[in-house]
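> If you're matching positions, the sequence shown starts at 486 in this note's numbering and goes up one per residue.
Ideal Cβ placement from N, Cα and C applies to all residues, glycine included.
In this text the structure is predicted, and so the values were computed from the model without any measurement.
Before we start, here is the structure in question, set down as structure tokens.
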Amino acid sequence: MKCPYCGSEETRVTDSRPVEESNSIRRRRQCDSCGKRFTTYEKIETIPLVVIKKDHTRQQYDRAKIEAGVMRACYKRPIPVDEIKKMIDRVETELYNQGGGEVKSAEIGEKIMDGLKELDPVAYVRFASVYREFKDVGTFMDELKKIIN
486 MKCPYCGSEE TRVTDSRPVE ESNSIRRRRQ CDSCGKRFTT YEKIETIPLV
536 VIKKDHTRQQ YDRAKIEAGV MRACYKRPIP VDEIKKMIDR VETELYNQGG
586 GEVKSAEIGE KIMDGLKELD PVAYVRFASV YREFKDVGTF MDELKKIIN
């Protein structure tokens with residue numbers, strides 16, 4: 486690992502521990518040349534996930550798109566950002582654990598909605614209204630009735 490301060494490639498690990506709720510490891514390192522310490526995170530490299538869209542096109546899975554949609558749904562809601570990230574981590578782990586390398590966008594959407602339903606009902610309805618493309622008030626009310634019951 487290259488030192489971010491002096492550029493030396495002679496560094497050593499002083500501490501290593503798993504990161505909670507994540508598939509990564511936090512490592513404290515120290516540079517042998519300049520003596521400065523820094524932290525790195527190692528994440529297990531997984532098989533790339535391909536998303537099959539509604540129009541049957543395929544594209545690379547992009548966590549940033551999921552995060553953007555969920556953050557929009559949670560806008561001005563009392564949900565801690567770390568809870569949102571944990572929920573997305575859980576969904577992502579489920580997707581990667583299925584194997585196969587391909588997943589339908591509908592499946593991702595349903596898993597996100599299940600996670601949002603547990604976090605905040607308002608955020609769930611916001612996400613569902615965009616995801617399910619509610620055409621009128623009736624379909625919106627049907628979704629609200631599901632939550633109320």
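Is the beta carbon of Val555 closer than 8 Å to that of Ile593?
Position 108 of the sequence shown, counting from 1, holds the residue named residue 593. Position 70 of the sequence shown, counting from 1, holds the residue named residue 555. For Ile593 and Val555, no; Cβs fall outside 8 Å.
> Is Lys539 helix, strand or coil when you go by DSSP?
Position 54 of the sequence shown holds residue 539. Looking at Lys539 - three-state DSSP - the assignment turns out to be coil, as it is neither helix nor strand.
> Tell me whether the beta-carbon of Met486 lies closer than 8 Å to the beta-carbon of Thr496.
What you label residue 486 is simply residue 1 of the sequence shown in a count that begins at 1. What you label residue 496 is simply residue 11 of the sequence shown in a count that begins at 1. Taking 8 Å as the Cβ cut-off, Met486 and Thr496 qualify as a contacting pair.
> Taking the Cβ atom as the reference point for each residue, do Glu587 and Ile532 lie within a distance shorter than 8 Å?
Here residue 587 refers to the residue found at position 102 when the sequence shown is read from its first residue. Here residue 532 refers to the residue found at position 47 when the sequence shown is read from its first residue. Taking 8 Å as the Cβ cut-off, Glu587 and Ile532 do not qualify as a contacting pair.
> Is it right to say Leu629 is buried, meaning 16 or more other beta carbons lie within 10 angstroms of its own, or is it exposed?
Your numbering for residue 629 matches position 144 in the sequence shown. It is exposed - the Cβ of Leu629 has fewer than 16 other Cβ atoms within 10 Å.
> DSSP beta-bridge partners for Val576?
The sequence position of residue 576 within the sequence shown is 91, counting from 1. Looking at the DSSP assignment, Val576 forms no beta bridge with any residue, so it has no partner.
> Once you ignore the five residues that flank Ser590 on each side, which residues in its own chain have a CB closer than 7 Å to its CB?
Taking the sequence shown and counting its residues from 1, the one referred to as residue 590 is at position 105. If we look at Ser590 and ignore the five residues flanking it on each side, its Cβ neighbours are Val536, Ile537, Lys538 and Lys539.
> With three or more beta-carbon pairs closer than 8 Å as the criterion, would you say the segment 544-559 touches the segment 567-576?
Because the criterion of three Cβ pairs below 8 Å is met, the segment 544-559 and the segment 567-576 touch.
> Compute the distance between the beta-carbons of Ser501 and Ile510, then report whether it is under 8 Å.
Stepping through the sequence shown from its first residue, residue 501 is reached at position 16. Stepping through the sequence shown from its first residue, residue 510 is reached at position 25. Yes, Cβ-Cβ distance for Ser501 and Ile510 is below 8 Å.
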